[in-house]
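Enquirer: Numbering (the numbering used here), first residue to last: 78 to 727.
For every residue, glycine included, the Cβ atom is placed at its ideal position computed from N, Cα and C.
Only a predicted model underlies this, so the values are computations on that prediction, with no experimental measurement involved.
There's a structure below that I have some questions on.
Below you can see the structure in the form of C-alpha cells.
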C-alpha cells in the first residue's frame, strides 16, 4: 500500500492533512461512477434510433446508478477516521516519456465525494424531470445521451488525481455544454449562443493549460500529490503564476468577470440544461478548481487577492444585471453569476472561506436547480413564453410550482432558517475578516450583494406568481405533471433543510477540514451579531422595495425605457460591447493584417519568384523551336556575349 500526505502550509501552519491509500474493497468501484453515465451516452449515441423508445429510461437509470455508487462510497468513508478518507485508484499507465510518467487515476476524498453526491443526485432529478419536459422532442434520445456525457465528464473532472486528467473532464464538460446549449440549433440564435459559450470557455481553458505547463516545468509532474508536495519549495513567482492561470480557467468555466458574457445567452438551451449547468455541473467547476488547489493558493497571497477581487466584482455585477432582466431564465442566470461570485470570494479568502465556499455551492445546487426547474414548469404552462411581464398571479393555477419555487426564493435570499442563510451569512462574516481596507471593501460588497439579491429575486418571484394577471386570454397556464413536479418537490425540501442539517451541526466543517483546512477563529472587524442583523435588514429592505414596485404598483406589459442604469443592466452592463471593442475588433484587425502580410509578403515573395522562374523558362523555351537558323543565331549571340565579356574583363 502506498500512502501520500498532501500538505498545505500557510505561514508555516499545517492547513490540511489527508492520507491517500490505494483503493481497495468497496473503494475499487470508484471508476463505476464515471463508467455508468458514460456507458449510457455511448449506447444512446451508437444505438441510434433503435434506442428511441427506451433510451431516456436507460439514461435515467444509469445516472441513478452512479448516485448509488457515490452513496455507497460516502457511507463507507463515514466508517473511517477523518484523516484516512483519501483513496487513489490507478486505472492504467497513461503517459510514459523519459523520466515523466503519469498514471490515469482517480482520487476520492471528502471534497470529491461531496461533489459526486451533488452531481449525481441533482443531476438524476433533472434527468427525471427531462423525461416529461422533452417528451415530444423528436431527438429526445440524443438529448439524454448528451446529458449522460455531461454528468460523466463532470464526475471525471472532480475525481481526477491529476491536473491533466482533470483537463480531460474539463474539456468534456465544455463539449457537452456546447452540444446541449445548441441542442435546438435549427434556430440560428441558439447555435450562436452555443458557439459563444464554447469560445469564451476556450479563453479560460488556455489559462488552465498554461498552468499545467508551468507545473510540469517547475515540478516535473502534474498530479495533485506531487504538485502540492513541491509547491512549498517553488518560487513565489511560479506559484503566483500558477494561481493566476488557474483562476483564468475558473473564470471561463464559472462565468466570472471578465469571462461571464456567455452565461446569459446559454439560456437558449432547453431548461433542464440550464438547471444542470447552473446547479450541479459546469459553473461549479471553477470553484472546485480553486478549492482543490488550496495548497497552491495558500502560498500566494497575490493570487488569493485577485480571486477575491474577481469574486466581489462578479457578485455585484450579476446582482445588478439581475435587477433589470424580464426574461425569467436570464434573471436566474444573472443570479447564478452572482452566487458563484460569493463562492469565489470565499475561496479567495483562504482557509477562513474554503469550507463556506463549498457549503454555499452545495446549498446553491439545490435551490438553483429547483428554481430553474420551476421556471421550466412555468414556461411549460405558458407556451414557452419567458417574459415575466406577461405572467402574474400564477400562484393560483400552479400551486406546486409556486410553493417549491418559493422555498428556493427564501433560500437564495438567506432568510433563516432556509439553506442559503447558513452558508451565505458565513461568507459575509468571513469577508469581514482581515486588516486594513480589505474587510471593509469585500465585506461591504458581500453585504450589499445580499440586499440586491433580495430585491431582484423578489422582483422575479412577485412578477411571476403574484400581482395581476397579464397573460392573454388564449393562454391556459396549468400545473405540470408529477414527473416534473416531484423532482421540484425533492429539491425544495433540500432548499429548505440542507443548510440546517450541515451548518449549525458543524458537520460540513468537520467533513471538509482535512482537505481544505479548518476555518480559523478570526474575529471580523464588526461584531458577528451586527453583521447578521445588518444582512437581514438589507434583505428585508430588498423584499419591501420589490413588493412596492411589483405588487403594489401595476407592472406594464411593455418594459418602460428606464433610467440609464436600467438600460445598462438590460444590456448586461455592456459586457458584449466591451468584448467586441477590446477583443473582437482588435482581433479581426490583427488577423486581417496577418492575412495581408501573408498574401502580399510571404505568399507574394514565393509566388513572385515562382512566376519569375516560370516566365523566364517560358521565354527560353521559345528558342527550342527546332529551326537550325534559330540555334545558329543563339550560338552567334552566345559567342558575342562571351567576346564582350572578355573584352570588359581585360
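Using the rule of at least 16 other Cβ atoms within 10 Å of the residue's Cβ for burial, across every protein chain shown, is residue 207 buried or exposed?
Expert: Stepping through the chain shown from its first residue, residue 207 is reached at position 130. It counts as buried.
Enquirer: Would you list the one or two residues that DSSP bridges to residue 184?
Expert: As a first step, residue 184 must be located in the chain shown, where it is residue number 107. In DSSP, residue 184 forms a bridge with 165.
Enquirer: Express the C-alpha separation of residue 215 and residue 532 in angstroms, rounding to a whole number.
Expert: What you label residue 532 is simply residue 455 of the chain shown in a count that begins at 1. What you label residue 215 is simply residue 138 of the chain shown in a count that begins at 1. If you take the alpha carbons of residue 532 and residue 215, they lie about 40 angstroms apart.
Enquirer: At what residue ranges does the stretch 319–394 contain a whole run of the alpha helix (DSSP H), taking only runs of 4 or more?
Expert: Complete alpha helix (DSSP H) runs here, min 4: 339–342, 348–352, 362–369 and 371–374.
Enquirer: Does residue 573 come out as helix, strand or coil in the three-state DSSP assignment?
Expert: To locate residue 573, count along the chain shown from 1; it is residue 496. Helix at residue 573.
Enquirer: How many angstroms separate the CA atom of residue 367 from the CA atom of residue 564?
Expert: Numbered from its first residue, the chain shown carries residue 367 at position 290. Numbered from its first residue, the chain shown carries residue 564 at position 487. So the alpha carbons of these two residues sit roughly 30 angstroms apart.
Enquirer: Starting from residue 54, follow the alpha helix (DSSP H) in both directions and report where the run begins and ends.
Expert: Past the edges of the chain, shown from 78 to 727, lies residue 54, and the structure says nothing about it.
Enquirer: Excluding the five sequence neighbours on either side, which residues of its own chain have a C-beta within less than 7 angstroms of the C-beta of residue 519, listed in chain order?
Expert: The count along the chain shown starts at 1 and reaches residue 519 at position 442. Excluding sequence neighbours, residue 519 sits near 385, 389, 422 and 508.
Enquirer: Less than 7 angstroms between C-beta atoms, sequence neighbours within five positions excluded: which residues of the same chain meet that for residue 303?
Expert: Against the chain shown, residue 303 aligns to sequence position 226. Excluding positions up to five away in sequence, the list reads 296.
Enquirer: Spatial neighbours of residue 647 within its chain, please: C-beta separation below 6 angstroms, excluding the five flanking residues on both sides.
Expert: Position 570 of the chain shown, counted from the first residue, corresponds to residue 647. Here the set comprises 401.
Enquirer: Check whether the stretch 131–143 and the stretch 216–228 are in contact - that is, three or more C-beta pairs closer than 8 angstroms.
Expert: Touching, yes, given that three or more Cβ pairs across the two stretches are closer than 8 angstroms.
Enquirer: Near residue 198, what residues of its chain come up, given a Cβ to Cβ distance below 7 angstroms and the 5 sequence neighbours on each side ignored?
Expert: In the chain shown, the residue the question calls residue 198 occupies position 121. Only 144 meet the Cβ criterion.
Enquirer: Take the Cβ of residue 231 as the centre, count every other Cβ of all protein chains shown within 10 Å, and call the residue buried at 16 or more, exposed below.
Expert: Working through the chain shown from its first residue, we reach residue 231 at position 154. Residue 231 is buried by the Cβ-count criterion.
Enquirer: Taking buried to mean at least 16 other C-beta atoms within 10 Å of its own C-beta, is residue 712 buried or exposed?
Expert: Sequence index remark: in the chain shown, residue 712 carries index 635 (1-based). When all chains shown are included, residue 712 counts as exposed.
Enquirer: The alpha helix (DSSP H) spanning residue 448 covers which residue range?
Expert: Residue 448 sits at position 371 when you count from the first residue of the chain shown. Here the alpha helix (DSSP H) through residue 448 covers 431–458.
Enquirer: Out of 589, 107 and 184, point me to the one whose CA is closest to residue 301's CA.
Expert: Position 224 of the chain shown, counting from 1, holds the residue named residue 301. For residue 301, the nearest C-alpha among the options comes from 184.
Enquirer: Given that a residue counts as buried once 16 or more other Cβ atoms are within 10 Å of its Cβ, and exposed if not, what is residue 107?
Expert: On the chain shown, position 30 is the one that residue 107 refers to. Buried, because 16 or more other Cβ atoms sit within 10 Å of the Cβ of residue 107.
Enquirer: Please report the residue range of the alpha helix (DSSP H) in which residue 267 lies.
Expert: For the purposes of this step, residue 267 is taken as residue 190 along the chain shown, with counting starting at 1. Per DSSP, residue 267 belongs to the alpha helix (DSSP H) from 265–296.
Enquirer: Span of the alpha helix (DSSP H) holding residue 108?
Expert: For the purposes of this step, residue 108 is identified with residue 31 of the chain shown, where counting begins at 1. First-last of the alpha helix (DSSP H) with residue 108: 107–124.
Enquirer: Looking at residue 527: is its Cβ nearer than 8 angstroms to the Cβ of residue 439?
Expert: Taking the chain shown and counting its residues from 1, one reaches residue 527 at position 450. Taking the chain shown and counting its residues from 1, one reaches residue 439 at position 362. Going by C-beta atoms, residue 527 is not nearer than 8 angstroms to residue 439.
Enquirer: What would DSSP say about residue 171, mapped onto helix, strand or coil?
Expert: Taking the first residue of the chain shown as position 1, residue 171 is located at position 94. Looking at residue 171 - three-state DSSP - the assignment turns out to be strand.
Enquirer: Taking a contact to mean a Cβ-Cβ separation below 8 angstroms, would you say residue 377 touches residue 474 in this structure?
Expert: For the purposes of this step, residue 377 is identified with residue 300 of the chain shown, where counting begins at 1. For the purposes of this step, residue 474 is identified with residue 397 of the chain shown, where counting begins at 1. No, the Cβ-Cβ distance between residue 377 and residue 474 is not below 8 angstroms.
Enquirer: Please name the residue or residues paired with residue 177 in a DSSP beta bridge.
Expert: To locate residue 177, count along the chain shown from 1; it is residue 100. Answer is 174, bridged to residue 177.
Enquirer: Run through DSSP, which three-state label would residue 312 get?
Expert: Residue mapping note: residue 312 aligns to position 235 of the chain shown, counting from 1. It is coil, neither helix nor strand.
Enquirer: Below 6 angstroms CB to CB, which residues in the same chain sit around residue 253 once its five sequence neighbours on both sides are set aside?
Expert: As a first step, residue 253 must be located in the chain shown, where it is residue number 176. Same-chain partners within the cutoff: 223, 226, 227 and 230.
Enquirer: Determine the direct distance from the alpha carbon of residue 323 to that of residue 668, and round the result to whole angstroms.
Expert: Here residue 668 is taken as the residue at index 591 of the chain shown, counted from 1. Here residue 323 is taken as the residue at index 246 of the chain shown, counted from 1. Spanning the two alpha carbons is a distance of roughly 28 angstroms.
Enquirer: Pick out whichever of 221, 117 and 109 has its Cα sitting closest to the Cα of residue 349.
Expert: As a working mapping, residue 349 is identified with position 272 in the chain shown. The candidate whose alpha carbon is nearest that of residue 349 is 221.
Enquirer: Tell me the residue span of the alpha helix (DSSP H) that contains residue 529.
Expert: Taking the first residue of the chain shown as 1, we reach residue 529 at position 452. Note, residue 529: alpha helix (DSSP H), 515–542.
Enquirer: Whole-angstrom Cβ separation of residue 561 and residue 210, contact assumed at under 8 angstroms?
Expert: The count along the chain shown starts at 1 and reaches residue 561 at position 484. The count along the chain shown starts at 1 and reaches residue 210 at position 133. Correct: roughly 6 angstroms between the Cβ atoms.
Enquirer: Would you call the CB atoms of residue 95 and residue 180 closer than 8 angstroms?
Expert: Against the chain shown, residue 95 aligns to sequence position 18. Against the chain shown, residue 180 aligns to sequence position 103. Going by C-beta atoms, residue 95 is not nearer than 8 angstroms to residue 180.
Enquirer: Inspect the beta-carbon positions of residue 758 and residue 623 and report whether they are closer than 8 angstroms.
Expert: The question about residue 758 has no answer here: the residues shown for the chain are numbered 78 through 727.
Enquirer: Entirely within the stretch 182–216 and at least 4 residues each: give me those alpha helix (DSSP H) ranges in chain order.
Expert: Counting whole runs of 4 or more residues, the stretch 182–216 contains the alpha helix (DSSP H) stretches 187–210.
Enquirer: Classify residue 725 as helix, strand or coil using the three-state DSSP reduction.
Expert: Here residue 725 refers to the residue found at position 648 of the chain shown. In the structure shown, residue 725 sits in a helix (DSSP, three-state: H, G or I).
Enquirer: Considering only C-alpha positions, which residue in the set 632, 583, 464 and 455 is nearest to residue 553?
Expert: As a working mapping, residue 553 is identified with position 476 in the chain shown. The candidate whose alpha carbon is nearest that of residue 553 is 455.
Enquirer: With a Cβ-Cβ cutoff of 8 angstroms, do residue 358 and residue 132 count as a contact?
Expert: Looking up residue 358 in the chain shown gives position 281. Looking up residue 132 in the chain shown gives position 55. Going by C-beta atoms, residue 358 is not nearer than 8 angstroms to residue 132.
Enquirer: Who are the near neighbours of residue 345 in its chain, counting only those whose CB is closer than 8 angstroms to its CB and skipping five residues on each side?
Expert: Locating residue 345 in the chain shown gives position 268, counting from the first residue. These residues qualify, in order along the chain: 258, 259, 261, 264, 266, 267, 270 and 271.
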